[in-house]
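Working notes, structure below.
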Amino acid sequence: MVLLFRDDCGIQRFQLNCHNDSIDSSHINTWIAKAVKHNVEELCIKTNTSDEFSIFSHCLCTCKSLTKLELDLPNGFKFGSEIVSTPVILPRLKSMNLQFRYLSSDNVNLANELFTKCPALESLVLDISRCRTTNLRISVPTLKHISLTGDTYMGVSKVTLCAPNLSSFICFGCLLEDYCLENLSSLVTADVRINIKQYDKVSKIELHEEKKVSYAQRMVKLMRGIHNVKVLSLTKDFK
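Residue numbering for the sequence shown follows my numbering, beginning at 8 and increasing consecutively.
Quick look at the structure:
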């Protein structure tokens with residue numbers, strides 16, 4: 008209510024932490040719209056609302072003041088068709104942190120399009136650890152830092168990254184993700200932390216040799232993509 012009756016002064020940061028799963032998602036979109044109207048610069052939404060809703064509305068996509076966006080919605084969210092019809096999205100956005108949950112194929116395509124339409128994006132943090140099979144493509148010429156967290160058991164995900172100006176690459180996973188690194192020619196530092204799965208999480212039986220070989224092949228592919236890095240940190244954890 009305080010936000011709805013606020014005067015015309017700007018908002019530097021709007022943060023919503025709500026652990027009530029019965030909250031109506033329409034209220035969240037109303038608060039976001041109000042924050043955008045007040046030229047919000049940083050937006051952080053963390054809520055476990057029970058319904059999946061479209062958070063990238065037209066007013067958010069066209070927000071000219073937002074520089075930082077964080078979304079952590081465990082029960083999922085939709086990107087919205089506005090992403091397709093908007094030629095430039097969040098023109099001043101420099102930092103984006105998205106905790107993906109259960110992306111449908113339509114949402115994956117919209118996510119891929121979202122990345123290409125943020126002209127000022129420099130830092131991207133993605134958590135796909137609870138996604139089903141996905142095919143993300145991150146093609147962002149302005150990107151300087153990226154952090155990817157995988158470690159999913161819900162299906163193999165493919166992540167393609169093309170970022171010629173990327174200087175920092177962080178990757179956490181268990182090689183259930185297939186990373187295709189196309190152009191990281193400016194890479195300076197890379198931090199790769201891999202959980203080596205020796206046993207199936209459900210059956211507790213040791214993994215077949217075929218799976219172990221596929222993990223090794225993905226690791227080799229990942230290393231080839233960052234072969235020109237200047238500072239490399241490798242950490243492995245056997246489970």
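Glycine is no exception: its CB is placed at the ideal position from the N, C-alpha and C atoms.
Drop a sphere of 10 angstroms on the beta-carbon of residue 141, count the other beta-carbons inside from all chains shown, and report buried for 16 or more, exposed for fewer. buried
Please state whether DSSP places residue 230 in a helix, a strand or coil. The answer is helix: DSSP assigns residue 230 an H, G or I state.
Residue 63, DSSP secondary structure in three states: Collapsing the DSSP output to three states places residue 63 in coil.
What are the partner residues of residue 22, as DSSP defines its beta bridges? 51
Taking just the CA atoms, how far does residue 124 sit from residue 17? Roughly 25 Å separates the two Cα atoms.
Counting C-beta neighbours from all protein chains within 10 Å, is the total for residue 56 16 or more, i.e. buried, or is it exposed? Counting the other Cβ atoms within 10 Å of the Cβ of residue 56 gives 16 or more, which makes it buried.
Which first and last residues belong to the alpha helix (DSSP H) in which residue 43 is found? 32-44
Could you give the first and the last residue of the continuous alpha helix (DSSP H) run that contains residue 122? 112-123
Look at the alpha carbon of residue 63 and the alpha carbon of residue 90, and state the distance between them as a whole number of angstroms. 7 Å
Can you give me the C-alpha to C-alpha distance between residue 236 and residue 221, rounded to a whole angstrom? 24 Å
For residue 122, I'd like the list of residues in its chain whose CB is within less than 6 Å of its CB, leaving aside the five on either flank, ordered along the chain. 145, 147
Buried or exposed, going by whether 16 or more other CB atoms sit within 10 Å of the CB of residue 225? Residue 225 is classed as buried because its beta carbon has at least 16 other beta carbons within 10 Å across all chains shown.
Beta-carbon proximity list for residue 239, same chain, < 6 Å, skipping 5 on both sides: 197
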